[in-house]
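In UniProt numbering, the protein residues as written are 1 to 368. Even for Gly, the Cβ is constructed at its ideal location relative to N, Cα and C. Bear in mind that the values here come from a model prediction, so they are computed numbers and not experimental data. Following: one structure in structure tokens, then a few remarks.
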């Protein structure tokens, strides 16, 4: 089956054309028991709005909506074909004005071309993104068969809006174990970067400076790392970074407003060491919680998804932890970490195959 997919949940407008292949018996397909699905990305066009939102220090919903409305017809024309069987569109979570542009476009297109339209969960899509095969997924040699997981598996989703740990007994049977109580990982990376006078988006900035920094330069907290359960909290870590900068004279006594000194460049060495220490603290929490879940639930595999999955230090830390514990580890190719329509095709198709559906309305608070 060929799927046309549409993604407009935040600040990327994307349309993709994906071919789905199943390597399992028809009887198992009918029950949704996917064994070895393959999703070949034929086209995946992404138009980023980063430069537009950068001057605001974050995504402005109405600006995002305006750009999606402008870009969707252009991207669809670039796809250049009406040869597809199903339309999949992100219905949530995300920015509601942005989501509606994609949903409306998909519904109208489906009516015009007489094609079925199915809603897709953006969070599921991130976790399924390792199944995309335009470039082979990253796997640990010797511990995997193709990009297919051994179950049960633990999925870690890390993005700008979410930090979620989930237990997967199969590709279609899963439950959320825990999520962040406050800031998501990507969000706290952005906020710490802003404290260091670095531009949006902050994740790549922190990662770049951390490469030349000392991760042990500052003893930052690892919030909830030893607490029972699988919830996360990163607001305290963010505050610790702010107070450290305050104590060095870059914020006022309340830690609320930059001093005149912070308007100057913060010393490069401080930016590097603080970036490395902060990133190390975040990764320690994510890896330890993930490994604890694999032990508790007897997981055989770990997979990673979301925009922050592009962070090489996180990928390497999880890879090494899995190797030490004899676990299979899979993560998406770099091109499929950030928001894209190809992953929406996967989530939409799996929902279509299993009979699970989401209403074709924008749901900014849709959960896993």
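Cβ neighbours of residue 271 in the same chain (closer than 6 angstroms, five flanking residues each side left out): 196 and 209.
Pick from 149, 162, 202 and 322 that is closest to residue 172, judged by C-alpha positions: Ranking 149, 162, 202 and 322 by Cα distance to residue 172 puts 149 first.
Residue environment, residue 198, which counts as buried when at least 16 other CB atoms sit within 10 Å: When all chains shown are included, residue 198 counts as buried.
CA nearest to the CA of residue 68, picked from 76, 93, 98 and 304: Looking from the CA of residue 68, the closest CA among 76, 93, 98 and 304 belongs to 98.
Buried versus exposed call for residue 291 [16 or more other C-beta atoms within 10 Å across all chains shown]: Label assigned to residue 291: buried.
Touch test, the region 299-307 against the region 320-332, Cβ-Cβ under 8 angstroms, three pairs minimum: With a cut-off of 8 angstroms on Cβ pairs, the region 299-307 is in contact with the region 320-332, counting three or more such pairs.
Cβ neighbour criterion (16 or more within 10 Å) applied to residue 141: Here the model assigns residue 141 a pLDDT of 40, short of 50, so the residue's position is not dependable, and the following value carries that caveat. In this structure residue 141 is exposed. Its beta-carbon is surrounded by fewer than 16 other beta-carbon atoms within 10 angstroms.
Identified DSSP bridge partners for residue 121: Answer is 92.
Limits of the unbroken alpha helix (DSSP H) element including residue 162: From DSSP, residue 162 is part of no alpha helix (DSSP H); its letter is neither H nor E.
Nonlocal neighbours in the same chain, by C-beta distance under 6 angstroms from residue 125, ignoring five residues either side: For residue 125, where only same-chain residues beyond five positions count, the Cβ hits under 6 angstroms are 343, 344 and 347.
Alpha-carbon to alpha-carbon, residue 38 and residue 131: Their backbone Cα atoms lie some 6 angstroms apart in a straight line.
Residue 64 - DSSP class collapsed to helix/strand/coil: Of the three classes helix, strand and coil, the one that applies to residue 64 here is helix, per DSSP.
Endpoints, beta strand (DSSP E) assigned at residue 322: Element bounds for residue 322: not the beta strand (DSSP E) but the alpha helix (DSSP H), 312-324.
Nearest-angstrom beta carbon gap, residue 341 and residue 44 [assumed within contact, 8 angstroms]: Their Cβ separation, rounded to whole angstroms, is 6 angstroms, which keeps residue 44 and residue 341 in contact under 8 angstroms.
Residue of 359, 349 and 356 minimising C-alpha distance to residue 18: With distances taken between Cα atoms, residue 18 lies closest to 349.
Residues sharing a beta bridge with residue 44, DSSP: Bridge partners of residue 44: 16.
Coarse secondary structure for residue 274, derived from DSSP in three states: Residue state, collapsed to three classes: helix.
Collapsed DSSP secondary structure at residue 338 in the structure displayed: Residue 338: coil per DSSP, three-state reduction.
When 285, 16, 65 and 275 are compared against residue 191, the one with the closest alpha-carbon: Considering only alpha carbons, the answer is 275.
Assigned secondary structure, residue 215 (DSSP; H/G/I helix, E/B strand, else coil): Here residue 215 sits in coil by DSSP.
For residue 96, the nearest candidate out of 326, 367 and 361 (CA to CA): When only C-alpha atoms are compared, the closest one is 361.
Collapsed DSSP secondary structure at residue 349 in the structure displayed: Of the three classes helix, strand and coil, the one that applies to residue 349 here is helix, per DSSP.
Cut-off 6 angstroms between Cβ atoms - residues of its own chain near residue 180, not counting five sequence neighbours on either side: So the qualifying residues of the chain are 163 and 232.
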